[in-house]
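Report on one structure; see the data block that follows.
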Amino acid sequence: MSQQPKRILILAPHTDDGEFGCGATIAKLVEEGNSIYYAAFSTCEKSLPPELRPDTLKLELLQATKTLGIPQSNVIFYDYPVRDFPMFRQAILENMVQLSKEIDPDLVFMPSIQDIHQDHHTVASEAMRAFKKTSLLGYELPWNNYSFRNQVFVQLEQRHVDLKIDATKCYESQKGRDYLNEDYLKGIVRSHGVQIGVRFAEVFETDRFIIR
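Using our numbering, the letters of the sequence shown map in sequence onto residues 52 to 263.
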């Protein structure tokens with residue numbers, strides 16, 4: 052990672068995707084003094100149990116991103132209906148074009164282009180179009196990836212992993228999901244660490260990487 056502060060944008064189709072895909076890397080980038088922005092394209096209201104407030108996941112995301120060190124003013128929400136993103140491709144693209152103009156990010160993290168979830172794939176595809184002049188890294192969500200290219204590794208310390216775990220714990224409404232298991236999340240970063248001879252790492256695909 053460069054020591055020069057960068058503007059970095061996280062694209063999350065749904066609340067929590069960014070934390071699972073690159074939460075420890077976000078913690079490291081914040082620690083290094085970079086400006087992090089987080090855009091969530093759905094707060095998944097229709098997926099919530101009826102007894103919960105409609106803004107439950109929005110509030111949980113704000114707490115999770117605060118845990119990682121992202122200012123609340125840098126968290127952007129959109130209200131696309133979960134599982135219906137393909138119907139709104141053009142609007143999502145226009146949102147991203149606007150983000151590109153307003154933030155002018157040096158680096159964008161997005162879901163893998165190989166992600167089989169229709170919402171994730173839509174965000175990844177439109178990001179490829181909206182950020183043509185920006186470095187793009189695809190993050191791994193193993194439960195949605197039949198294949199993934201382990202191309203870029205970010206070495207992490209225990210404190211970065213701990214912050215990722217703390218951030219995912221903010222999603223009280225999602226308790227019980229397999230991918231929220233702490234041992235599972237730690238196992239992924241430990242496994243990728245072994246691949247490069249360090250203790251912990253997160254891994255990304257290189258969709259576009261620009262060296263200036």
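Every residue gets a Cβ at the ideal spot worked out from N, C-alpha and C, and that includes glycine.
Tell me which residue opens and which closes the beta strand (DSSP E) that Q206 is part of. Numbered from its first residue, the sequence shown carries residue 206 at position 155. Note, Q206: beta strand (DSSP E), V203 to L207.
(request) Report the residue ranges of all beta strand (DSSP E) runs contained in full by the region 53-97; include only those spanning at least 3 residues, in chain order. (result) 58-63 and 86-91
Inset, instruction - Enumerate, from N- to C-terminal direction, the unbroken alpha helix (DSSP H) stretches of 4 or more residues contained entirely within the region 157-211. - result: 169-181
Just to confirm, are E256 and V240 a CB contact at a threshold of 9 angstroms?
The count along the sequence shown starts at 1 and reaches residue 256 at position 205. The count along the sequence shown starts at 1 and reaches residue 240 at position 189. Contact: no.
Item to check | Touching by the beta-carbon criterion (3+ pairs, under 8 angstroms), the region 167-183 and the region 195-215 | outcome: yes
| message | Considering only the alpha carbon of each residue, which of P156, D106 and P137 lies closest to P64? | response | Here residue 64 refers to the residue found at position 13 when the sequence shown is read from its first residue. When only C-alpha atoms are compared, the closest one is P137.
Measure the beta-carbon distance from C95 to V126 and round it to whole angstroms, keeping in mind my assumption that it falls under 8 angstroms. The residue labelled residue 95 in the question sits at position 44 within the sequence shown. The residue labelled residue 126 in the question sits at position 75 within the sequence shown. Contact doesn't hold; Cβ gap of about 15 angstroms is too wide.
Exercise for review: Find the nearest neighbour of M161 within the set G244, S176, V148 and L150, judged by alpha-carbon distance.
Suggested key: On the sequence shown, position 110 is the one that residue 161 refers to. Comparing Cα positions, the closest option is S176.
If I measure Cβ to Cβ from A78 and keep anything under 6 angstroms in the same chain, skipping five residues before and after, which residues do I get?
The count along the sequence shown starts at 1 and reaches residue 78 at position 27. So the list reads L119, H211 and L214, once near-sequence residues are dropped.
For D219, the residue or residues it bridges with in DSSP: Looking up residue 219 in the sequence shown gives position 168. Per the sequence shown, residue 219 should be read as Thr rather than Asp. According to DSSP, T219 bridges with nothing at all.
Residues of its chain near Q209, where Cβ-Cβ distance is below 8 angstroms and the 5 sequence neighbours each way are ignored: For this step, residue 209 is matched to residue 158 along the sequence shown. Closer than 8 angstroms at the Cβ level, and outside the excluded window around Q209, lie R250 and F251.
>> Mapping the DSSP letters down to three states, classify R140 as helix, strand or coil.
In response: What you label residue 140 is simply residue 89 of the sequence shown in a count that begins at 1. Reduced to three states, the DSSP call for R140 is helix.
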